[in-house]
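K.L.:
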Amino acid sequence: MKRLRIANFVPAGQHCHFAHQVVKPTHHFDAHRHDFLEVFWITQGSGWEWLDDRRRPLATGSVVFVAMDDNHGFGAEPEASFRMTNLAFRAEAWRDLRERTLDGVPDPFAAGARRHLALTADEVAALDGFAAELDAGARTRAALDRFLL
130 MKRLRIANFV PAGQHCHFAH QVVKPTHHFD AHRHDFLEVF WITQGSGWEW LDDRRRPLAT
190 GSVVFVAMDD NHGFGAEPEA SFRMTNLAFR AEAWRDLRER TLDGVPDPFA AGARRHLALT
250 ADEVAALDGF AAELDAGART RAALDRFLL
C-alpha cells in the first residue's frame, strides 16, 4: 500500500500543506497511508471515504480527521462530485500544541476517537473563516496553531 510522506507536500521552512480540490466521479484516491496527520472537510457535494476497511459517506459539512498510518481513500459518487479543503501537518506539531494548550481535551486523532463530524452550513462557513490565513498562503507554525486551536 502506498505511504505518502509529508516531505513530498511541505517544503522546507513551511509547517503544513493546505489546498482545495474538486473530486469528480472519474477521480478517486486509492487506499493509502501517511506519515502525517490530515483534516479535510467537504464544502460542496457528496462522495465517500474508505477508512480502515469501512466505507463512509461524505457530504457537505463532513469533517474527517485522519491519523498517521490510517488506511484511507476517497472518491465521488458516480453522478456527483465534491469540493474539499485539506490540511496536512506533522504529528509532532499536533503533539506539541496538545501538550502546551489542550491538556485534557479529547484527541480526534486518537485510536477509537470520533473521526467524522457533520457540520451545518454556518459551521462550515466559520471553519473556512478560521482557515482564511492558511488559504491566503501562510504556512508558519503560528498560522497552523491558530487554525488548530
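Residue numbers (the working numbering): 130 to 278.
Where a beta carbon is used, it is the ideal one built from N, C-alpha and C, also for glycine.
Going by the beta-carbon positions, is the gap between Trp179 and Pro186 smaller than 8 Å?
P.N.:
No; because the gap between Cβ atoms is not below 8 Å, this pair is not in contact.
K.L.:
Please report the residue range of the alpha helix (DSSP H) in which Ala222 lies.
P.N.:
Residues Ala220 to Thr230.
K.L.:
In this structure, what does DSSP give as the bridge partners for Val151?
P.N.:
Beta-bridge pairing links Val151 to Arg212.
K.L.:
Less than 8 Å separating the beta-carbons of Asn215 and Ala265?
P.N.:
It is not a contact, given that the beta carbons lie outside the stated cut-off.
K.L.:
Using 8 Å for Cβ pairs, my map puts Phe165 next to Met213. What's the rounded Cβ distance?
P.N.:
No, Phe165 and Met213 are not in contact; Cβ-Cβ is about 17 Å, not under 8 Å.
K.L.:
With Leu273 as the anchor, note down where its alpha helix (DSSP H) starts and where it stops.
P.N.:
Start and end: Arg270 to Leu277.
K.L.:
Identify whether Asp159 lies in helix, strand or coil by the three-state DSSP scheme.
P.N.:
Of the three classes helix, strand and coil, the one that applies to Asp159 here is strand, per DSSP.
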